[in-house]
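Trainee:
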Amino acid sequence: MPGPAIELRNVSLSFDAKRVLNNVSFALGRGETLFLLGVTGSGKSVLLKVMLGLLKPDDGQVLIDGQDVVPFSEEQLQPVRRRMGIVFQEGALFDSLSVFENVAYRLREEHLADDASLEQQVREVLRFVEMEAAIEKSPSELSGGMRRRVAIARTIISNPAIMLYDSPTGGLDPVTCLTINVLIAKMRDLQHVTSVVVTQRLQDAYELVNSVYSQEKQTLVPVNGASGSRPVTRFLMLRDAEVYFQGNEQEFTHSTDAYVQKFLA
Ligand SMILES: Nc1ncnc2c1ncn2[C@@H]1O[C@H](COP(=O)(O)OP(=O)(O)O)[C@@H](O)[C@H]1O
Ligand SMILES: [Mg+2]
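Here the working numbering is used: the first residue of the sequence shown is 7, the next is one more, and so on.
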């Protein structure tokens, strides 16, 4: 399919009198990564929900694989949402269910697998996030980073072509942050997933910009030493509901704008 995976055209959204997105436009190609930046309250989470069709904009178009999903009914949105996965900020696991049941949830809901293939698929994604050993555990027995990895497993089980991550490393220690970045890169580089990553940590963005996942080493390696091409990365900064900056990492890093500079500091 030609054209961008996600494109927003002049999207605006207000809650009561408050404008939370104002004329937001951008396009993200297949397999590309967008880092979404901005201070708390600038509209990042709302923007992700608009992409998923969970919130309808008052104005503008939201094209997913070239289709404007704004006029779509809940029923029409279902196949679109099946191609997308979101990892919410809080991880949002069901504490009353085991890791297995949490990860199996989406396939069970949609009756997509029989029991034998369900277990096989759950094990496969848990192995992907290196959490297979915890399959019988309850989420409450896991650390923050482990919960986040299970949340990612739960999302990727339906093989989404587009992944949205809302502050995936928020509140985690640096070592755990790295394990999450490895997973994001793994999805990007092995599955060619289109990614939107909300982040407060610029070092996470740069880690993902400057490295690729090596299947051989099973971790990130510097992009310069790796075969294959550099991942295509874009940066978009929201400020007061508007796109304040967008560009590639060169343009972002070398921006002379005082506000962007402050973010980089
Ligand atoms: N469901 C809602 N109802 C009313 N206001 C909301 C709702 N969701 C978000 N907002 C407001 O929209 C603005 C942007 O929120 P959000 O996207 O969560 O910010 P961010 O994720 O960048 O911190 C905030 O002022 C927030 O209070
Ligand atoms: Mg948010």
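For glycine and all other residues, C-beta sits at the position ideal for the given N, C-alpha and C.
Drop a sphere of 10 angstroms on the beta-carbon of LYS192, count the other beta-carbons inside from all chains shown, and report buried for 16 or more, exposed for fewer.
Mentor: The residue labelled residue 192 in the question sits at position 186 within the sequence shown. That one is buried.
Trainee: GLY341 by DSSP, collapsed to three states: which one?
Mentor: Because the chain is modelled from 7 through 271, residue 341 falls outside the range shown and cannot be assessed.
Trainee: On the three-state DSSP scale, how would you describe GLU255?
Mentor: Position 249 of the sequence shown, counted from the start, is the residue given in the question as residue 255. Helix.
Trainee: Quick one: give me the first and last residue of the beta strand (DSSP E) that GLN67 is part of.
Mentor: Counting from 1 along the sequence shown, the entry for residue 67 is found at position 61. Here the beta strand (DSSP E) through GLN67 covers 65-70.
Trainee: Just to confirm, is the Cβ distance from ALA167 to ARG89 under 7 angstroms?
Mentor: As a working note, residue 167 is residue 161 in the sequence shown. As a working note, residue 89 is residue 83 in the sequence shown. In contact: ALA167 and ARG89 (Cβ atoms closer than 7 angstroms).
Trainee: With a threshold of 6 angstroms (Cβ to nearest heavy atom), would SER51 be considered close to ligand 2?
Mentor: For the purposes of this step, residue 51 is identified with residue 45 of the sequence shown, where counting begins at 1. The answer is yes for SER51.
Trainee: Buried or exposed for LYS50, going by 16 or more other Cβ atoms inside 10 Å?
Mentor: Against the sequence shown, residue 50 aligns to sequence position 44. So LYS50 ends up on the buried side.
Trainee: Take the Cβ of SER201 as the centre, count every other Cβ of all protein chains shown within 10 Å, and call the residue buried at 16 or more, exposed below.
Mentor: Numbered from its first residue, the sequence shown carries residue 201 at position 195. Answer is buried; the Cβ neighbour count reaches 16.
Trainee: Of the choices VAL156, ARG207 and ASN187, whose alpha-carbon is the least far from that of GLU130?
Mentor: Here the question's residue 130 lines up with position 124 in the sequence shown. Comparing Cα-Cα distances from GLU130 to each of VAL156, ARG207 and ASN187, the minimum goes to VAL156.
Trainee: According to DSSP, simplified to helix, strand and coil, what is VAL218?
Mentor: In the sequence shown, residue 218 corresponds to position 212, counting from 1. In this structure, VAL218 counts as strand in the three-state DSSP scheme.
Trainee: How would you call PRO228, buried or exposed, if buried means at least 16 neighbouring beta carbons within 10 angstroms?
Mentor: Looking up residue 228 in the sequence shown gives position 222. The residue is exposed, with fewer than 16 neighbouring Cβ atoms inside 10 Å.
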